[in-house]
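Novice: Provided herewith is a single structure, encoded as C-alpha cells, for subsequent inquiry.
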Amino acid sequence: MIQETLLTDAAARAHHYLANIAQRAVFPDAAALTNLHKFDESLPDQPTNPAAVLALLDEFGSPATTTSAGPRYFGFVTGGTLPAALAANWLASAWDNNGSFIVQSPINAKLEAVALHWLVDLLGFPATTGGGFVTGATMANFTGLAAARHALLQSQGWDVEAQGLFGAPPLTVLVGEEVHVSVLKALSMLGLGRERVIRVAVDDQGRMRPDALPALDEKTILILQAGNVNTGACDPVGEFCTMARTAGTWVHVDGAFGLWAAAAPNRAHLVAGIAEADSWATDTHKWLNVSYDGGLVLCRHPEHLKAAMSANAAYLATGDAREPAQYTPEISRRARGIEIWAALRSLGRSGLADLIERNCQSATRFAEGLHAAGYEILNKVELNQVMVSFGDNATTQRVLAAVQQEGTCWSGGTTWRGRAAMRISVSSWATTPADVEQSLAAIIRVAQEHR
Ligand SMILES: Cc1ncc(COP(=O)(O)O)c(C=O)c1O
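Below, the structure is given as C-alpha cells:
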C-alpha cells in the first residue's frame, strides 16, 4: 500500500514535470542552484518516510535539472525520451531484473534479441550481425574495438584475451583528424594507445579523405565516423570499406548519432555503404530518443565480439542461446534492451525515419533563419547539427552566454577551425516547427542586443 501510494505520487510528480517542461527555463536559475545545498545534510540516523524523501527530491531536485527532455534543448546531442520508452523504463525499473543472463531476465534477453533483429533489418546490415547493449557510444566504441583487436590478433596467432598485449604483434590504428575523444578513450583503455594512432587528414567538414589514407593491411583497424559532433558530416564509409575489404583491414564506425541516418530514406545516402563495415557503435540515448543510459555495439562477426567479451564461471553456466552478458563489458547491468524495444515498437520503421527527417529539417530551418538574419553558418547542414558564428569570437561567446541566460532554448558552444560557434543539435522527438521558430526568434533577438 505504501508502495502503491509512493509510485502514484512519483508518477504524478513526473507527469507534472513533463507537462510543464516547455514552460520551464532550459537551465536551472540561480535560486535553484543555490537550493542544491539543501542536500548537504548529514545522513539521518533514523529512517525517513519514503514519501518525504520523494517530496524533497522533487522540491529541490526538479528545479535543478536541465530540461533536456524538453522540446527546445539543443545542447550536445541530446534526444528526449519517447513516451513509450519512458513508460517501459518505469515498468522495467519496477521489475528490477538483472539484464545479464537469460535465467535472470528471460524478458530482457528476448527483447534484446528482437530489438537487435529489427535494428539489423532497419539499418540494412548483414543478417548475421550480432550486438551488445551498453551504456553509450563510448562503451560501444570500446566493445567494438575489443572485437577488432581480438580478430586481428587471432589471425596473427595471438590470443589477446589470454595473453594480453605484451609481446603481441603490433596493430596499426587509423583515425581521422576529427576523431571523437571517446574513441581515443576506448583505445587507451584497450592498450592500443590514444597517441599511437595514425591521424588521417580530413576535408573542410571533418570527413576523412580517402586520398590521404595510408596503405592498408590485415593488421590495421580503420576507425571511421558517421556524424561529426560539430558538423554532423559523415566519412565516405562505403568508399573506405571497399578499400579495406581487399586489404583485410577491420573497419569500425563510430556512429554515435550519424548511424541513424541509415534509417531515414532521405538521409541514408550520407552513410551509403555503411553496412560493409565490420563493427559499429551508436547511442540509443541520442537519436533513438531512449532514456539514459543506452548504447549499442553491432558486429558483423558476433563470434569475435563474444570472444572479446565472454567470461565463464561454473555458476554462470549457459547454453547455446544468446546470453546478453556475453556481448558486453558488464556482467550485471540494467535491462536496457526493454526500452529500446519499446521505442522501436512504438515508432515503427516510418516513425523512426520521420523523427530523423524532422530533426534534420529543423536543423536546416535554423541554418536558413540565422543566415537570413546575417549570421554565418560554419558547416554544411546535411544532418542535425548547425554551427553559427555571430561575428568575432568574443561576440559569439557573448551571444552564446546571453542565449543560455535568456532561457528560451539551450545550445552549447564549440570551436571550429579557430572560430567560436554556437552549436545547435536537433535530436528530440518533442521539437516542433513552432519550437524552432520560437528558438530562432529568441536567438536572433538576443544576438542583436549583444552585437
Ligand atoms: C561521434 C561521437 N562518438 C561518441 C560519442 C560518445 O557518446 P557517449 O557520451 O554517449 O558515450 C559522442 C557523443 O557526443 C559522439 O558525438
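In our numbering, the protein residues as written are 18 to 468.
Using N, Cα and C, we set each Cβ at its ideal position, and we do this for glycine too.
1. For the region 121-183, which segments carrying the beta strand (DSSP E) assignment without a break, of at least 3 residues, lie completely within its bounds, in sequence order?
2. Do Ala109 and Glu340 count as a contact pair if the criterion is CB distance below 8 Å?
3. Say yes only if the C-beta of His197 is nearer than 7 Å to one or more non-hydrogen atoms of ligand 3, and no if none qualify.
4. What does DSSP give as the partner residue(s) for Cys316 in the beta ladder?
5. Say whether the region 391-398 touches the region 345-362, bearing in mind that this needs 3 or more beta-carbon pairs closer than 8 Å, one atom from each stretch.
6. Using the rule of at least 16 other Cβ atoms within 10 Å of the residue's Cβ for burial, across every protein chain shown, is Arg434 buried or exposed?
7. In the DSSP output, what is Leu191 paired with across the bridge?
8. When we look at the beta-carbon of Glu21 and count the other beta-carbons within 10 Å, is it buried (16 or more) or exposed?
9. Can you grab the Cα-Cα spacing for the pair Gly87 / Pro187, in whole Å?
10. Taking the alpha carbon of Trp406 as the reference point, which residue from Arg436, Ala419, Trp277 and Cys426 has its own alpha carbon closest?
11. If Thr345 and Phe150 are in contact, beta carbons under 8 Å, what's the gap, nearest whole angstrom?
12. Could you tell me if Gly311 is buried or exposed, where buried requires 16 or more neighbouring beta carbons within 10 angstroms of its beta carbon?
13. Under three-state DSSP, which class holds Val94?
14. With H, G and I counted as helix, E and B as strand and the rest as coil, what does DSSP make of Ser406?
15. Tell me where the beta strand (DSSP E) around Thr432 begins and ends.
16. Tell whether a beta-carbon distance below 8 Å holds between Thr84 and Ile119.
17. Measuring only from the beta carbon, is Ala144 closer than 7 Å to any heavy atom that is part of ligand 1?
18. Between the alpha carbons of Asp493 and Gln343, how many angstroms are there, rounded?
19. Which runs of the beta strand (DSSP E) fall wholly inside the region 314-392 and span at least 3 residues, in chain order?
20. According to DSSP, is Ala285 part of a helix, a strand, or is it coil?
21. What residue range does the beta strand (DSSP E) around Val198 cover?
22. State the DSSP-derived secondary structure class of Asp452, mapped to helix, strand or coil.
23. Which of helix, strand or coil does DSSP assign to Cys426?
24. Arg415 by DSSP, collapsed to three states: which one?
25. Taking its Cβ as the centre, do 16 or more other Cβ atoms sit within 10 Å of His286, making it buried, or is it exposed?
26. Starting from His33, follow the beta strand (DSSP E) in both directions and report where the run begins and ends.
Specialist: Let me lay it out:
1. 147-151
2. no
3. Summarising the ligand content, the structure contains ligand 1 and does not contain ligand 3.
4. Gly147 and Ser296
5. no
6. exposed
7. Ile215 and Leu239
8. exposed
9. 47 Å
10. Strictly speaking, residue 406 in this sequence is Ser, with Trp absent from that position. For Ser406, the nearest C-alpha among the options comes from Arg436.
11. 7 Å
12. buried
13. coil
14. strand
15. Gly429 to Trp433
16. no
17. no
18. Residue 493 lies beyond the range of the chain shown here (18 to 468); nothing can be said about it.
19. none
20. helix
21. Not the beta strand (DSSP E): Val198 falls in the alpha helix (DSSP H), residues Val198 to Met206.
22. helix
23. coil
24. helix
25. exposed
26. Run containing His33: none in the beta strand (DSSP E); it sits in the alpha helix (DSSP H), Ile19 to Ala36.
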